[in-house]
Structure formats: C-alpha cells, structure tokens
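The block underneath contains the structure these notes are about, expressed in structure tokens.
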Amino acid sequence: MSACQLDNPLIEVQFFRRKDFKPMETDLVDPPGQPKFHPGKNRVSFGGRTILLRHDVGILSAYFALCMLCLACRAAEPILIGQWPGYMRGPAQAVVVRSNCAYVACYGAGLQVINISNPTNPVGICGCDTPGTALGVAVSGNYAYVADYDAGLQVICITNPAAPIRVGGYDTSGYAHAVAVSGNYAYVADYDAGLQVISITNPAAPVRVGRYDTSGAARGVAVSGNYAYVADGSAGFQIINISNPANPVRVGGYDTVGTAFGVAVSGNYAYVADYLAGLQIIDISNPAAPVRVGGYDTTGYAQGVSVSGNYAFVADQSAGLQVIDIGNPTNPVRVGGCNTDHQAVGVVVFGNHAYVADKNAGLQVIN
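In structure tokens:
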C-alpha cells in the first residue's frame with residue numbers, strides 16, 4: 096500500500112485482521128493537513144502528529160495480514176465493515192435482503208441464508224442446494240425464487256430461514272439468469288429464451304403462462320406496475336407490457352452502447368448496468384419511446400445496480416462498489432466508491448448498508 100491523500104478533513108483510521116475481519120483499533124481524528132499512510136510502519140501521520148496501532152502487533156504474522164484502511168467519514172465514501180466468506184460454498188452471484196437475513200445465490204452451492212442482524216459480523220445460517228447453477232434470487236412472502244441457470248426457476252420455502260426447503264421448480268427453455276416477483280408471477284430473464292412468465296400461485300407447482308422472446312440475451316429484469324424491464328445483453332434495454340401475463344408484449348426499447356447486464360427502476364427512470372459502458376439512465380415516462388438522458392462510465396464492468404434515494408449503487412466487478420449521485424439524471428456524478436475483495440457482480444441496498452455479491456469473496460457489507 097502506498098501513501099494516500101484524502102480531500103475530506105475528518106477521517107477514520109481502522110485496522111483489521113484479514114483472517115476474521117475483526118476490527119482491532121479505530122481512531123477518529125480531525126487532521127490539520129493531508130493525512131498520509133506509512134506502509135509497513137502501522138501508522139498514519141498528519142500535521143506533525145502520528146496515530147499508531149496500540150495493539151500488540153508482535154503477534155501478527157503474515158497469516159493474519161494486517162490491513163490498514165483510511166476512510167473519509169461522509170456518506171459518499173462507503174466503508175467496508177463486514178463480510179461473509181462464501182468462497183468454499185460457491186461464488187456469490189446475487190443478493191436480496193429481508194429483515195435480518197441476506198439471501199445469496201451462490202452458483203453451484205444454491206441458495207445461502209446469512210444472518211445480518213450484526214452487519215459487521217454476518218453469519219451463515221443454512222443453505223439449500225439447487226439442481227442447477229444459482230445466478231439470481233428474489234424473495235416474496237415465505238418463498239425465495241432462484242434463477243438457476245440450466246435448471247430454470249427454483250422455489251424455496253424460507254418460513255424458517257434456518258431450514259430452507261425446496262418445494263418446487265420450473266425448468267425454463269433457456270438459461271435463467273435473474274428473476275423478479277410481482278403478485279402471483281415470477282418473471283425470469285432466461286437469456287436466449289427472453290422473458291418467461293411463471294405462475295407461482297401454487298409454489299409447489301409453478302407453471303409457465305407466457306413468454307416474450309427478446310432480440311438479445313436477457314440477463315436482468317425488474318418489474319414495476321404493468322411493465323417488465325429487461326436488461327437484454329447486446330440488444331440493450333427492453334420494455335415488456337405484462338398487464339396480461341399470458342401474452343406479454345414488447346412496447347419499447349433502447350439499444351444501449353454497452354451490454355446490459357442489470358436493471359433497476361425508480362420513478363420515471365430505469366438504471367441500466369451496461370458493462371463496459373457503466374451506468375446508463377433511461378427515461379421511461381413514455382414506455383413506448385424510452386430515451387437515454389444520462390450516463391456515467393465507471394472504471395470497471397457494471398454488472399449490477401440498486402437505487403436508493405438520489406443514489407445508484409453499481410456493482411462494478413473488479414472496481415468494487417461505485418456510488419453515483421443521480422439527483423440530476425441528466426448529469427450523474429460519481430461521489431464515492433469502495434473496493435471489494437474480488438468481483439462485485441450484484442448489489443442491494445437495505446437501510447444504511449449495501450450488500451454486495453462479490454463472487455469468490457462472498458457477501459460484502461458496506462456502510
């Protein structure tokens with residue numbers, strides 16, 4: 096780690112052990128000048144003063160790998176505060192949060208349930224293997240719905256989060272990448288088979304009632320009102336009228352400049368994680384004629400997006416979590432970011448925390 100500079104005068108200095116990510120020391124300081132790290136010397140200096148690690152660093156071997164983080168104390172500078180190491184259980188691909196639990200789609204390890212009542216110390220409760228490869232997840236009521244790639248849609252009862260049980264499934268004709276639930280229907284982004292509409296009135300026996308074969312490869316989906324919004328790969332962004340689930344109809348679309356991986360909808364705007372092209376903002380006030388109004392080209396590969404208030408949180412693969420101010424949709428501005436330990440591919444915001452599906456680094460919790 097090299098010396099770094101911050102433009103925020105109030106900083107927090109934290110020291111962690113990598114093995115269990117437990118904080119070892121925290122100092123809050125108001126430096127008169129630019130703070131700088133001194134790599135390998137366990138200290139940070141500013142204005143003639145120095146903060147030292149006050150714990151017994153002699154017991155720290157390379158195995159514990161001391162990690163020093165200097166973080167600006169402002170909303171725009173997110174702080175990594177906890178993690179659940181899901182590597183041995185399968186790479187984390189997507190995450191949703193309900194109450195005190197995070198539900199993580201973990202590739203070949205199916206659905207994993209994580210207790211996040213203490214965000215600094217997420218704890219794995221239990222898991223439920225799925226027959227396919229878990230890439231996406233949605234939760235509604237007492238059920239989790241998993242987009243299970245070559246095994247389609249899987250339905251898991253989570254009435255008792257400590258003992259999730261698979262109760263049903265439907266093998267879609269494509270490769271299920273993502274899922275959104277609204278009412279009695281699950282909407283599956285089914286890659287080369289487009290959008291699949293599955294009735295989940297009976298969770299033990301889900302049935303396909305309709306489909307729309309998009310022109311691209313459906314990777315992400317969000318539902319709002321009578322419309323499903325599909326991140327359709329190289330074909331960009333598609334809007335499907337689902338007022339009649341048995342006969343979904345495309346009403347409009349916008350071919351983004353990148354490859355649409357994920358989508359979130361808030362108000363009159365859709366926010367598209369457009370891979371190489373970062374975040375794209377589409378005005379959907381007229382579903383028949385969506386128009387791009389702004390964008391921000393992130394430094395990584397935008398794969399997932401979640402919106403909360405005036406901010407879009409982008410899972411930017413190797414560039415971690417990016418925070419974009421969308422208060423003015425025509426001029427989005429990056430206001431902060433946080434590196435994650437592997438590749439950020441999915442994100443959801445719940446309360447004051449962002450929960451990132453970080454592939455081999457599992458679930459990352461960012462304040």
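Residue numbering for the sequence shown follows this note's numbering, starting at 96 and increasing by one per position. Positions of the beta carbon are idealized from the N, C-alpha and C atoms, including for glycine. Computed from a predicted model, the values in this text were never measured in an experiment.
According to the DSSP assignment, Q207 belongs to the beta strand (DSSP E) that extends over L206 to N210. Beta-bridge annotation (DSSP): A410 is paired with G399 and L416. Rounded to the nearest whole angstrom, the C-alpha separation of R261 and G227 is 13 angstroms. Within 10 angstroms of the beta-carbon of T435 lie 16 or more other beta-carbons, which makes it buried. DSSP places R314 in the coil class of the three-state scheme, outside both helix and strand. Judged by beta-carbon spacing, G311 lies beyond the 7 angstroms limit of P340, meaning their Cβ atoms are not closer than that value. CA-CA distance, V402 to I376, rounds to 12 angstroms. Taking a 10 Å sphere around the C-beta of L371, we find fewer than 16 other C-beta atoms and assign the residue as exposed.
Nearest C-alpha to A197 among A239, A204, E172 and Y406: A239.
Beta-carbon to beta-carbon, A229 and Q291 are separated by about 17 angstroms, too far to satisfy the 8 angstroms threshold. Less than 7 angstroms separates the beta-carbon of A407 from that of I421. In this model, P214 and A383 are separated by some 42 angstroms (Cα to Cα). Here D245 is exposed. Its C-beta has fewer than 16 other C-beta atoms within 10 Å.
Listed in chain order, the non-local C-beta contacts of D308 below 7 angstroms within the same chain comprise A288 and G289, local neighbours out to five positions each way being set aside. Straight through space, the alpha carbons of D327 and A299 are spaced by roughly 29 angstroms. Burial is judged here by how many other beta carbons sit within 10 angstroms of a residue's own beta carbon; A258 has fewer than 16 and is exposed.
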